[in-house]
């Protein structure tokens, strides 16, 4: 079955790097996503990576994928107070033909000034 | 802003009443999804449309829930005989492809 797991909470100081981790279900054909949710709001798509890639970088965001350990991480460089939010990892397994995303429970990132 | 829009943003209803939510996807996105999110959890998939066809439904979508997308544009989600357990954020997302999904701001339902 599909199971995406994340740690619940991360606290960093402004200007430091944040690393948010996620483990996912093993599949040879998977898209993996990072979404950001601020209080009372919907989900903002930050980035996504296909399972045949190892890394993707987009400005302050770096996604690393370790297929052997089924581990995905999101690194935010120079973290700002505006980055405080809940970050969700999600998976879409293409082999099953499903179109739905399976989400983790989210990691709350707190950025201290 | 031409993102996904949802209406209403908040809905308070008494147990047993029917409610209907609307989602307007990003223009020309032919895929539309409904999810439900409860406090402290990630969104859970409810149903998926490609154009006007409802192609997938989760087991979470009980007989009291019905969704439509009559002309392949906006969609509605109706909950009949609401229960307190239906209290949640209902999120709509749209997609131009199989891959990325763009979410709306959600409708927060409170059943008293």
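Chains as they are written, first to last, in the working numbering: chain F, 2 to 114; chain V, 23 to 134. Cβ atoms here follow ideal geometry from the backbone N, Cα and C, with glycine treated the same way.
query	result
Cross-strand partners of residue 34(F) (DSSP beta bridge)	49(F) and 91(F)
Reference residue 53(V), options 38(V), 46(V) and 70(V), closest by Cα	70(V)
Residues of the region 111-133 of chain V whose Cβ lies closer than 7 angstroms to any Cβ of chain F, in chain order	113, 120, 121, 122, 123, 124, 125, 126, 127 and 128
Where the beta strand (DSSP E) through residue 133(V) begins and ends	129-133
Chain F contact for residue 65(V) (CB, 8 angstroms cutoff)	yes
7 angstroms Cβ cut-off: residues of chain V touching residue 104(F)	64 and 65
Pick from 126(V), 51(V) and 107(V) that is closest to residue 114(V), judged by C-alpha positions	126(V)
Under 7 angstroms from the C-beta of residue 58(V): neighbouring residues of chain F	What residue 58(V) touches in chain F: nothing, since even the nearest Cβ is about 11 angstroms away.
Chain V contact for residue 89(F) (CB, 8 angstroms cutoff)	yes
Cβ contact check for the region 94-103 of chain V and the region 26-40 of chain V: 3 or more pairs under 8 angstroms	yes
Against chain V: residues of the region 15-44 of chain F by CB proximity under 9 angstroms	32, 34, 36, 38, 41, 42, 43 and 44
For residue 69(V), the residue or residues it bridges with in DSSP	56(V) and 79(V)
Per DSSP, the bridge partner or partners of residue 76(F)	20(F) and 63(F)
Selected residue, minimal CA-CA separation from residue 109(F), among 77(F), 91(F) and 21(F)	21(F)
Spatial distance of residue 56(V) from residue 30(V) (CA atoms)	15 angstroms
Chain-ordered residues of the region 70-85 of chain V with a beta carbon less than 7 angstroms from chain F	70 and 78
Presumed contact (8 angstroms Cβ cut-off) between residue 111(F) and residue 15(F), rounded CB distance	11 angstroms between Cβ atoms; not a contact.
Coarse secondary structure for residue 2(F), derived from DSSP in three states	Residue placement at residue 2(F) cannot be trusted, given a pLDDT of 49 that sits under 50; the coordinates are not used to answer.
Simplified DSSP assignment, three categories, for residue 82(F)	helix
Where residue 43(V) falls, given that 16 or more other Cβ within 10 Å makes a residue buried	buried
Continuous beta strand (DSSP E) stretch holding residue 112(F): start and end	108-113
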